[in-house]
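See structure below.
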Amino acid sequence: MITVKCKCPQARHVPENAVGKKLRCPICGQTIRIAAAEVIPDGQGAADFDANLVINRGPTHAGDKLLLGGVADIAIGSGAGCPVVLKSENIADIQCHLIRVDFDPSRWKLQVVADACGVFVNGERVTDSQLENGDTIDIGEYELQYTVAETTAVVPSLPTMEPVSQAAPPPAKPVVSRVNGNSCPSCDKPLAGNAKYCMDCGIEVKSGRPILTSQGVDEDALYEHAESFIKLISLVVWATPLPMPIRSEAFGMRKPYAIWTIAILTVLASVAFLIAASGPDSEGYGPYKNLMLWAPRSQPVHVAIPANELNDLAKLLPEGKRAELREKYDPEHKLNDLQVIQTMIDAEAAERIGEFHWYQLITHAFLHDTSSIYNFIMHLAGNMLFLLVFGTRVNALIGNIATAILYPILAVCAAWAHILSLGNGFSGPMVGASGAIMGLAGMYLILFPIHKVFCAMWISIWYGLFRRIFGCKIFPLRGFWILLIYFGYDLLMSAISAHFGTSSGVAHWAHIGGFTSGMIISLAILFSRQFNTRGGDLFSVTLGKYAWPLIGKPSRWIGCDARPGAGIPRAVNIYANQPISSRA
């Protein structure tokens, strides 16, 4: 027999053929695996298996404990022949090796295979690292923690752990006493004194937060490809005042077909609108102007032109044109030449003013700034970036039907916030999808507050004709930080505009209204218990056990299996001749 430890403080006995198999401890019920690159003969290994890896996060086997033993190097990778298998497309067949350094207590070092993707220990990329108790190892989308258990005397009388049969039902829950008085705060089941997780409820014992699951992000490939693309973009966009999100690791179980469709429709509609605005009937956009959002109080305004400028215009008019204008604007011949020209200017300005229609609350979100090609590309590209980073993750969680319903609702909320912010003042039309997209960002803030968002900032300074200084930084931020930065920026800019009575040409109140609406909708989703992730209830991701008075304990709503080792809970499943005054 081989003496090893599970999460209980007592020693355990494992049969010789248990290496590589899944086991269950009869004392605590935890499912563990024995990781060794060799068969351990009977009678040996008594001082072994005191070091282990716990899978804190990953697409599979989250919460599993891997007991490390033997003297042969232990391969870690996605290949089926590895003693430690981490299934992922982003992990090589053999990613790295664990190499034995010493016994009693066990000491191991991590050595990364040449040309393999990055492996990080405590957030630092390594190729060869001596592991210390408590070190965190990131391999692809997996996070593992290395620990070395305290030496414990062998207890020969304890029962033997048997391999878990995939077909046979789990054994009945044993009657055990609490170890050190520790129990799960949710289901009140006894736990070992050093237990960090309750596998039945799928939570961290100390905080009450669910064990999170994130989609895989190959950080090395992300950094390499993003920096190459940013070098190209920086030829046009020289600097970024705010972090630009480029990728989210938030988890979702569905393909975001709704957001992909919305993105395609927005690009096509915006390009068609640009072509229409550049055509022969572009002045005032002709019949297309009423697809933009106009305030219900939009009225023609008097365009005051100095008398000397009007006089200069009158001198330039040929007699035939003068007669034509007088016939059109002064058929009764009551006005002088200067008054006729002023009337013409006011009439042309009035033709650019559209009328408010209810459908503009939605159609404005599919159009973008056409004042110039540069503005059009920057406006559309920026909005689509945010839509794909944040919108696809929300879509992947709540589903395509819910997203298709909520997106126009968010566009309407953003549009009304913009209209209300205008008061009785006149404003030109508003176009852009960012009000609705900020609504999705508000939902992301509530649904995925602590999942990482990879962001980029860069600066490009040219000196000489073909020489420049380029600096780029790609870094991860928690979701709530990046979104609060943008929300705070909109609040600041709207306050500055209100104080000085100026406009930046950006509809900040549309952003604020959409963002706030998204937060309210997502809170309603949480309280209605309609959506969940593999990591547990979303509301408890932020508040942990402090959310339980509002939503109940996980043992009540997650459908916990009362059997020991039942595992992590199931997933429940932004005029051609007149600038647009506001861009969303």
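Numbering (my numbering), first residue to last: -5 to 578. The beta-carbon is built from N, C-alpha and C at its ideal position, and this holds for glycine as well.
Taking only runs of the beta strand (DSSP E) that begin and end inside the segment 458 to 501, which ones reach a length of at least 3 residues, in chain order?
Entirely contained in the segment 458 to 501, the beta strand (DSSP E) runs reaching 3 residues are, in chain order, 462 to 472.
Below 8 Å between beta carbons: does that hold for residue 107 and residue 86?
Indexing the sequence shown from 1 puts residue 107 at position 113. Indexing the sequence shown from 1 puts residue 86 at position 92. Yes. Within cutoff.
Give a yes or no on whether the C-beta atoms belonging to residue 80 and residue 131 are separated by under 8 Å.
By one-based count along the sequence shown, residue 80 stands at place 86. By one-based count along the sequence shown, residue 131 stands at place 137. No, these two residues do not count as a Cβ contact at 8 Å.
Based on DSSP bridge pairs, tell me the residues matched to residue 94.
Indexing the sequence shown from 1 puts residue 94 at position 100. Bridge partners of residue 94: 102.
Applying the 10 Å Cβ sphere with the 16-neighbour rule, what's the burial state of residue 135?
Here residue 135 corresponds to residue number 141 of the sequence shown, with the count starting at 1. Looking at its Cβ environment, which holds 16 or more other Cβ atoms inside 10 Å, residue 135 is buried.
My output table needs one value for residue 449: the three-state DSSP class, helix, strand or coil.
Start at 1 with the first residue of the sequence shown, and residue 449 comes out as number 455. Residue 449 falls in the strand class under three-state DSSP.
From residue 338 to residue 365, what distance separates their C-alpha atoms?
Along the sequence shown, read from residue 1 onward, the residue named residue 338 stands at position 344. Along the sequence shown, read from residue 1 onward, the residue named residue 365 stands at position 371. About 23 Å.
Decide if residue 590 is buried, meaning its Cβ has at least 16 other Cβ atoms within 10 Å, or exposed.
The structure shown has nothing for residue 590, since the chain only spans -5 to 578.
Could you tell me which of 380, 114, 60 and 242 sits nearest to residue 444, measuring between CA atoms?
As a working note, residue 444 is residue 450 in the sequence shown. With distances taken between Cα atoms, residue 444 lies closest to 242.
Grab me the residues of residue 502's own chain with a C-beta within less than 6 Å of its C-beta, minus the 5 sequence neighbours each way, in chain order.
Taking the first residue of the sequence shown as position 1, residue 502 is located at position 508. Correct list, in chain order: 484, 487 and 488.
Using DSSP with H/G/I as helix, E/B as strand and the rest coil, what is residue 248?
Position 254 of the sequence shown holds residue 248. In the structure shown, residue 248 sits in coil (DSSP, three-state: anything other than H, G, I, E or B).
Can you find the residues in the same chain that come closer than 8 Å, C-beta to C-beta, to residue 214, ignoring five residues on each side of it along the sequence?
In the sequence shown, the residue the question calls residue 214 occupies position 220. Once the five neighbours on either side are set aside, the close Cβ partners of residue 214 are 111 and 112.
Which value, in whole angstroms, describes the spacing of the CA atoms of residue 547 and residue 478?
Taking the first residue of the sequence shown as 1, we reach residue 547 at position 553. Taking the first residue of the sequence shown as 1, we reach residue 478 at position 484. Going by the C-alpha atoms only, they are around 29 Å apart.
Going by beta carbon distance, what residues of the same chain come within less than 7 Å of residue 257, once the five residues before and after it are set aside?
In the sequence shown, residue 257 corresponds to position 263, counting from 1. Same-chain partners within the cutoff: 378, 381 and 382.
Mapping the DSSP letters down to three states, classify residue 199 as helix, strand or coil.
The count along the sequence shown starts at 1 and reaches residue 199 at position 205. Coil, per DSSP.
Taking the straight line between their C-alpha atoms, what separation do you get for residue 67 and residue 47?
Within the sequence shown, numbered from 1, the residue matching residue 67 stands at position 73. Within the sequence shown, numbered from 1, the residue matching residue 47 stands at position 53. Straight-line Cα distance between these residues: approximately 15 Å.
Going by DSSP in three states, residue 60 sits in which element: helix, strand or coil?
Along the sequence shown, one-based indexing puts residue 60 at 66. Reduced to three states, the DSSP call for residue 60 is strand.
Since I believe residue 423 is in contact with residue 287 (beta carbons under 8 Å), could you give me their beta-carbon distance rounded to a whole number of angstroms?
Within the sequence shown, residue 287 is the residue found at index 293, counting from 1. Within the sequence shown, residue 423 is the residue found at index 429, counting from 1. The pair is a contact, with the Cβ atoms about 6 Å apart (cut-off 8 Å).
Verify whether the separation of the beta carbon atoms of residue 449 and residue 239 is less than 8 Å.
Reading the sequence shown from its first residue, position 455 is the one you call residue 449. Reading the sequence shown from its first residue, position 245 is the one you call residue 239. Yes, Cβ-Cβ distance for residue 449 and residue 239 is below 8 Å.
Measuring CB to CB, does residue 436 end up less than 8 Å from residue 513?
Locating residue 436 in the sequence shown gives position 442, counting from the first residue. Locating residue 513 in the sequence shown gives position 519, counting from the first residue. For the 8 Å CB-CB criterion, residue 436 and residue 513 form a contact.
Looking only at its own chain, which residues have a Cβ that is under 6 Å from the Cβ of residue 223, when we skip the five neighbours before and after it?
Within the sequence shown, residue 223 is the residue found at index 229, counting from 1. Around residue 223: no qualifying Cβ.
Measuring straight from C-alpha to C-alpha, what distance separates residue 123 and residue 98?
On the sequence shown, residue 123 is found 129 positions in, with the first residue counted as 1. On the sequence shown, residue 98 is found 104 positions in, with the first residue counted as 1. Using only the alpha carbons, I get a separation of about 20 Å.
If I measure Cβ to Cβ from residue 55 and keep anything under 7 Å in the same chain, skipping five residues before and after, which residues do I get?
Your numbering for residue 55 matches position 61 in the sequence shown. Cβ within range, chain order: 49.
Comparing alpha-carbon positions, which option in 520, 390 and 510 lies nearest residue 404?
Indexing the sequence shown from 1 puts residue 404 at position 410. With distances taken between Cα atoms, residue 404 lies closest to 510.
Take residue 114 and list the residues in its own chain whose beta-carbon comes closer than 6 Å to its own, dropping the five residues that flank it on each side.
As a first step, residue 114 must be located in the sequence shown, where it is residue number 120. Answer for residue 114: 132, listed in chain order.
Flag this pair as yes or no: are the beta carbons of residue 203 and residue 390 separated by less than 8 Å?
Position 209 of the sequence shown, counted from the start, is the residue given in the question as residue 203. Position 396 of the sequence shown, counted from the start, is the residue given in the question as residue 390. The answer is no: Cβ separation not under 8 Å.
List, from N- to C-terminal side, the alpha helix (DSSP H) runs of 4 residues or more that fit wholly inside the segment 364 to 416.
367 to 380, 386 to 392 and 394 to 416
Taking only three categories from DSSP, how would you classify residue 0?
Sequence index remark: in the sequence shown, residue 0 carries index 6 (1-based). Legend: pLDDT at residue 0 = 48, less than 50; position of this residue unreliable, no value from coordinates given.
Report the option in 94, 181, 396 and 100 whose CA atom is closest to the CA atom of residue 143.
Taking the sequence shown and counting its residues from 1, the one referred to as residue 143 is at position 149. Answer by Cα proximity: 100.
Buried or exposed for residue 119, going by 16 or more other Cβ atoms inside 10 Å?
Within the sequence shown, residue 119 is the residue found at index 125, counting from 1. The residue is exposed, with fewer than 16 neighbouring Cβ atoms inside 10 Å.
Between 396, 321, 82 and 229, which has its C-alpha nearest residue 53's C-alpha?
Translated into positions along the sequence shown, residue 53 becomes position 59. Shortest Cα-Cα distance from residue 53 to any of 396, 321, 82 and 229 involves 82.
Look at the Cβ atom of residue 416, then the Cβ atom of residue 289, and state whether they are nearer than 8 Å.
Counting from one through the sequence shown, the residue named residue 416 turns up at place 422. Counting from one through the sequence shown, the residue named residue 289 turns up at place 295. Cβ distance < 8 Å, so residue 416 and residue 289 count as in contact.
Give the straight-line distance between the Cα atoms of residue 246 and residue 363, rounded to the nearest whole angstrom.
Here residue 246 refers to the residue found at position 252 of the sequence shown. Here residue 363 refers to the residue found at position 369 of the sequence shown. Whole-angstrom Cα-Cα distance: 33 Å.
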